[in-house]
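Undergrad: Just passing along the structure, written as structure tokens.
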Amino acid sequence: MNSSHSTKEHGDIPIPVTESKSSKSTKAAPSVVQKATKKVAKLALASRWKRCLGIFDFIIRICAIAAALAAATAMGTTSQQLPFFTQFFKFEADFSDLPAFTFFVIANATAGAYLVLSLPFSIVCIVRPHIMKARLMLLAFDTIAVPLVTSAASAAAAIVYLAHNGNSDANWGAICRQFNDFCQRVSGAVVASFITALLFIVLVIISAVALRRK
């Protein structure tokens, strides 16, 4: 006996066969497991990515510490006295004679001290990459350090430019012809400070990427 419904014949009496719901549940179960597996894999990938960013952040901070402290030390120990002087006049160039250089030393030393204090928080971001409070704090202070170091380096760079080239309109002579060692040291300190500012910008970008990526 043929019919459009699923039946089995037992003698002359058709016996209807009902579909079991277990087939639907067995189909739904693998999809739920697959979604959970994909979610776990995605979280693991994000965790590894943030951990790699944390390691890179820590390395950049070490380099920035070296650059900031080198800039502050080089400028803070810069002084040159010319061999010829009289009883009343002594020709000497010292970083403390110029407020821009003094501000330069303070700014770079402050940035270096902050970077040293930030290392434990950078390590926390490596060990616990999903803790966002430490990353937010680093982002805030790194952002503040960028204009601080940049302004100090820019002010010192303007003085170094005048020391090398002078200004004929203001009757300022180029003192680097006499104080060559002094100018070389302050020029190197300014370059190190600009490198520090660039590394701070990289740190800000790293923190922003780590916070944005989920």
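Under the numbering used here, the sequence shown has 917 at position 74, and the numbering climbs by one with no breaks.
Ideal Cβ positions, reconstructed from N, Cα and C, are used throughout, including at glycine.
Residues in its own chain within less than 7 Å of I969 by CB, not counting five upstream and five downstream?
TA: In the sequence shown, residue 969 corresponds to position 126, counting from 1. Contacts found: R894, G897, I898 and F901.
Undergrad: Could you check whether the stretch 1043-1053 touches the stretch 1014-1034, counting it as contact only if at least three pairs of C-beta atoms, one from each stretch, sit closer than 8 Å?
TA: Result no; under three Cβ-Cβ pairs closer than 8 Å.
Undergrad: In whole angstroms, give me the CA-to-CA distance for A988 and A999.
TA: Here residue 988 refers to the residue found at position 145 of the sequence shown. Here residue 999 refers to the residue found at position 156 of the sequence shown. Looking at the two C-alpha atoms, the distance is approximately 17 Å.
Undergrad: Have a look at A1001 and L1042 and give me their C-alpha separation to the nearest angstrom.
TA: Along the sequence shown, one-based indexing puts residue 1001 at 158. Along the sequence shown, one-based indexing puts residue 1042 at 199. Those two C-alpha atoms are separated by around 21 Å.
Undergrad: Hey, could you find the ends of the beta strand (DSSP E) A936 is sitting in?
TA: Here residue 936 refers to the residue found at position 93 when the sequence shown is read from its first residue. Unbroken beta strand (DSSP E) run through A936: E935 to D937.
Undergrad: Closest by CA to L991, which one among A1040, F938 and A907?
TA: Translated into positions along the sequence shown, residue 991 becomes position 148. Of A1040, F938 and A907, the residue nearest in Cα terms is A1040.
Undergrad: Could you give the distance in angstroms between the alpha-carbon of A1053 and the alpha-carbon of L1005?
TA: Locating residue 1053 in the sequence shown gives position 210, counting from the first residue. Locating residue 1005 in the sequence shown gives position 162, counting from the first residue. Cα to Cα, the separation comes out at about 42 Å.
Undergrad: Tell me the rounded alpha-carbon separation between L912 and C906.
TA: Within the sequence shown, the letter at position 69 stands for residue 912. Within the sequence shown, the letter at position 63 stands for residue 906. Straight-line Cα distance between these residues: approximately 10 Å.
Undergrad: So, helix, strand or coil for S922, using DSSP?
TA: Against the sequence shown, residue 922 aligns to sequence position 79. If DSSP states are grouped into helix, strand and coil, S922 belongs with the strands.
Undergrad: Taking the CB atoms as reference points, tell me whether M918 and V948 lie closer together than 7 Å.
TA: Numbered from 1 along the sequence shown, position 75 holds the residue referred to as residue 918. Numbered from 1 along the sequence shown, position 105 holds the residue referred to as residue 948. Yes, they are a contact pair.
Undergrad: Using only the alpha-carbon positions, how far apart do S939 and T920 sit?
TA: Residue 939 sits at position 96 when you count from the first residue of the sequence shown. Residue 920 sits at position 77 when you count from the first residue of the sequence shown. Taking the straight line from one Cα to the other gives about 10 Å.
Undergrad: Is S866 helix, strand or coil when you go by DSSP?
TA: Locating residue 866 in the sequence shown gives position 23, where the first residue counts as 1. Bear in mind that a pLDDT of 48 at S866, under 50, signals an unreliable position, so the model cannot answer this.
Undergrad: By the 10 Å Cβ neighbour count, where 16 or more other Cβ atoms means buried, how is F965 classified, buried or exposed?
TA: Position 122 of the sequence shown, counting from 1, holds the residue named residue 965. Position check: residue 965 holds Ser in this sequence, whereas Phe was assumed. Buried is the call here.
Undergrad: Does the beta-carbon of L982 have 16 or more other beta-carbons within 10 angstroms, so that it is buried, or is it exposed?
TA: Here residue 982 is taken as the residue at index 139 of the sequence shown, counted from 1. Buried, by the Cβ-count rule.
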